[in-house]
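When you line the sequence shown up against the working numbering, it's residues 2 to 376, in that order.
All C-beta atoms, glycine included, are put in the ideal place defined by N, C-alpha and C.
Here's the structure, in C-alpha cells; my notes come after.
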Amino acid sequence: MFLYRSVIPDMPDPEAYAPLLREMHGNRWYSNFGPLAVRFEDALAARYGAGGSEACVCVTSATAGLSAAIMAAGVTGNVLVPAFTFPASLGAVRAAGAIPVVCDVDPDTWTVSPDILAQALRSVSAQAVMIVEPFGIHQALDALIDLCLDRGLAVIIDSAAGLGVPREPRPVRHNVFTVFSMHATKPFAVGEGGCVFAHRDHAVGLRSAVNFALPSHPGDANVRWGFNGKMSELHAAVGLAQLERIDGIAGERQRQAAIYRDRLAGQEGLVTPDAIDRSPWQCFPVCLPSASAAEALVARAAAVGVEIRRYYRPSLSQWPDTAVAGACPAADSLAGRMCVLPLRSGASQDEAPELMRRTVAAVLETMDDIGGSHV
Ligand SMILES: *Cc1c(COP(=O)(O)O)cnc(C)c1O
Numbered sequence: 002m003f004l005y006r007s008v009i010p011d012m013p014d015p016e017a018y019a020p021l022l023r024e025m026h027g028n029r030w031y032s033n034f035g036p037l038a039v040r041f042e043d044a045l046a047a048r049y050g051a052g053g054s055e056a057c058v059c060v061t062s063a064t065a066g067l068s069a070a071i072m073a074a075g076v077t078g079n080v081l082v083p084a085f086t087f088p089a090s091l092g093a094v095r096a097a098g099a100i101p102v103v104c105d106v107d108p109d110t111w112t113v114s115p116d117i118l119a120q121a122l123r124s125v126s127a128q129a130v131m132i133v134e135p136f137g138i139h140q141a142l143d144a145l146i147d148l149c150l151d152r153g154l155a156v157i158i159d160s161a162a163g164l165g166v167p168r169e170p171r172p173v174r175h176n177v178f179t180v181f182s183m184h185a186t187k188p189f190a191v192g193e194g195g196c197v198f199a200h201r202d203h204a205v206g207l208r209s210a211v212n213f214a215l216p217s218h219p220g221d222a223n224v225r226w227g228f229n230g231k232m233s234e235l236h237a238a239v240g241l242a243q244l245e246r247i248d249g250i251a252g253e254r255q256r257q258a259a260i261y262r263d264r265l266a267g268q269e270g271l272v273t274p275d276a277i278d279r280s281p282w283q284c285f286p287v288c289l290p291s292a293s294a295a296e297a298l299v300a301r302a303a304a305v306g307v308e309i310r311r312y313y314r315p316s317l318s319q320w321p322d323t324a325v326a327g328a329c330p331a332a333d334s335l336a337g338r339m340c341v342l343p344l345r346s347g348a349s350q351d352e353a354p355e356l357m358r359r360t361v362a363a364v365l366e367t368m369d370d371i372g373g374s375h376v
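See below:
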C-alpha cells in the first residue's frame with residue numbers, strides 16, 4: 002500500500018549462514034543450548050558484554066527475555082512498568098506471573114526518573130522496576146539503578162531496539178538485567194530472537210526459566226516455574242552471520258539518523274534525539290508539538306507514499322485491567338505526539354535518499370502548517 006514502508010527488515014543473505022546450517026545439521030542438534038547458540042552468546046558477550054562477571058543468555062524474543070529476567074530475579078509481586086513503551090514490556094510481566102503497575106515517565110528522557118520512581122513507590126510497593134530505553138537509545142541510568150538496588154528492587158532494562166552499538170559502561174551488579182530484541186524489524190535482526198545480559202550468577206536461573214524450570218544442575222536455580230524460551234540453532238546461525246554485518250548496519254542507520262536530526266533542527270516545538278551514537282536506530286523518533294500535528298504528519302507523509310507510524314500508543318496507563326501507580330500525564334502526552342521516521346540499511350539502502358527527502362519535506366510542511374498555533 003505504501004511506496005515506502007515504515008520498516009524493511011535487514012537480514013543477512015542466506016548464503017552467509019548456509020555453512021552454519023550445514024554444521025547444525027551435521028551436529029543433529031537444533032535447540033536446547035546447542036553449540037551455535039553457545040558460540041553466538043560468547044560472541045555477543047565479547048562484543049557487547051561488560052567482561053568477566055557478565056553473562057549473555059540468548060532467548061526466543063525480547064519479551065521472553067523480560068519474562069525470564071523477572072523469574073530469575075525471583076519476582077512474583079508488583080513490577081513498575083513505564084507507561085511509555087511497547088506493550089510487550091507489560092505482557093512480559095504478566096507472562097512471568099508478576100503484576101505490572103504502570104507509572105509515568107520523565108517528559109525529557111522519555112523513561113522513568115529517580116523522582117518518578119520515588120513518587121510511585123510512595124503509593125505502591127514493588128519488587129522490581131522495568132526501565133525502558135525507548136527506541137533503543139542508551140541512557141545513563143546509574144542514579145536510577147542505584148535507587149532501585151538501594152530499595153531492594155530488581156532492575157529489568159528493556160532496551161529492545163538497542164542491540165548493535167556499545168552499551169553504556171556500568172558495573173555488573175546482581176539483579177540488573179538488560180534485554181535486547183532480535184526481531185526482524187530491529188536493527189540486529191535474526192527473525193525472532195533476543196538476549197539477556199546479567200551477572201553470571203543469574204545465568205543458570207535465566208536458562209532454567211526458558212527451559213521449563215528444569216535446573217541444569219539440581220538445586221542450582223531457585224526458579225520455580227518456567228516456559229520454553231530457548232533460542233534455536235537456526236536463529237543462532239542467522240545471528241552469527243548478522244554479527245558480521247551489524248557494525249555496517251548501525252553505521253549506515255546512524256548516518257541517516259544524523260541527517261534527519263540536522264535537517265529538522267531548529268523547528269520550534271519539534272523534539273528529536275541528539276546523541277546519534279547511542280542507538281542503532283530501528284527508526285528515528287520525532288515528537289510533534291501536539292497529537293493533531295502527529296496525525297497531520299502521518300497523513301501528509303502517506304500522501305507522498307511514506308508510512309510514518311505513531312509510537313508507544315496508547316500509553317499503557319490506558320491499558321485494560323492494568324493497575325497504575327498514579328496519573329501518567331507525561332506518557333499520555335508523549336504517546337499522542339510521537340512519530341517515527343523510516344530508515345534504510347542493507348538491500349533497500351538505495352531508496353534512503355528519496356525516502357528521506359520526502360519524509361523531511363512532510364515534517365517541515367506539517368510544522369509550517371501549524372506555525373503560530375504552538376508558540
Ligand atoms: C520490539 C520491542 C519489544 C519486543 O521485542 P520482541 O523481541 O519482539 O519480543 C519489547 N519492548 C520494546 C521497547 C520493543 O521495542
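In angstroms, rounded to a whole number, what distance separates the CA positions of residue 88 and residue 31? Rounded to whole angstroms, residue 88 and residue 31 show a C-alpha spacing of 30 Å.
Distance CB(residue 286)-CB(residue 136) smaller than 7 Å: Yes, they are a contact pair.
Pairing CB atoms from the region 272 to 282 with CB atoms from the region 150 to 169, are three or more of them under 8 Å? They touch, by the three-pair rule.
Rounded to whole angstroms, what's the CA-CA distance from residue 206 to residue 74? Just pull it up for me. Looking at the two C-alpha atoms, the distance is approximately 8 Å.
Nearer than 6 Å: is that true of the beta carbon of residue 294 relative to any heavy atom of ligand 1? The closest heavy atom of ligand 1 lies 6 Å or more from the beta carbon of residue 294.
Segment contact, 8 Å Cβ cut-off, at least three pairs: the region 195 to 215 with the region 58 to 78: Yes, the region 195 to 215 touches the region 58 to 78.
Cβ-based burial, residue 345 [other Cβ within 10 Å; buried from 16]: It counts as buried.
For residue 286, which beta-bridge partners are listed by DSSP? For residue 286, which the question treats as bridged, DSSP gives the partners 341.
May I ask you to check if the CB of residue 68 is nearer than 6 Å to at least one heavy atom of ligand 1? No.
Using a Cβ-based criterion (distance less than 6 Å to any ligand heavy atom), does residue 367 qualify as near ligand 1? No, the beta carbon of residue 367 sits no closer than 6 Å to any heavy atom of ligand 1.
Are there any heavy atoms of ligand 1 lying less than 6 Å away from the beta-carbon of residue 195, as far as the coordinates show? The answer is yes for residue 195.
Tell me the rounded alpha-carbon separation between residue 360 and residue 302. Spanning the two alpha carbons is a distance of roughly 6 Å.
Nearest to residue 378 by CA position, among 270, 309, 223 and 227, is which residue? Because the chain spans 2 through 376 in this model, residue 378 falls outside it and cannot be assessed.
Just verifying my parser: in three-state terms, what is the DSSP assignment at residue 59? Here residue 59 sits in strand by DSSP.
Mind checking whether residue 55 and residue 173 have CB atoms under 7 Å apart? Closer than 7 Å, so yes.
Just to confirm before moving on: does the CB-CB distance between residue 340 and residue 84 stay below 7 Å? In terms of Cβ geometry, residue 340 and residue 84 do not form a close pair [threshold 7 Å].
C-alpha gap between residue 1 and residue 214, whole angstroms: The chain is shown from 2 up to 376; residue 1 falls before or after that span and cannot be answered.
With DSSP run on the structure shown, which of helix, strand or coil describes residue 356? In the structure shown, residue 356 falls within a helical segment according to DSSP collapsed to helix, strand and coil.
Closest by C-alpha distance to residue 126, when choosing among 333, 146, 154 and 134: Closest by alpha carbon: 154.
Using 8 Å as the Cβ pair cut-off and three pairs as the minimum, do the region 261 to 280 and the region 197 to 205 touch? These segments do not touch.
When you compare the CB positions of residue 11 and residue 347, do they come within less than 7 Å of one another, or not? Against a cut-off of 7 Å, the Cβ pair of residue 347 and residue 11 comes out as a contact.
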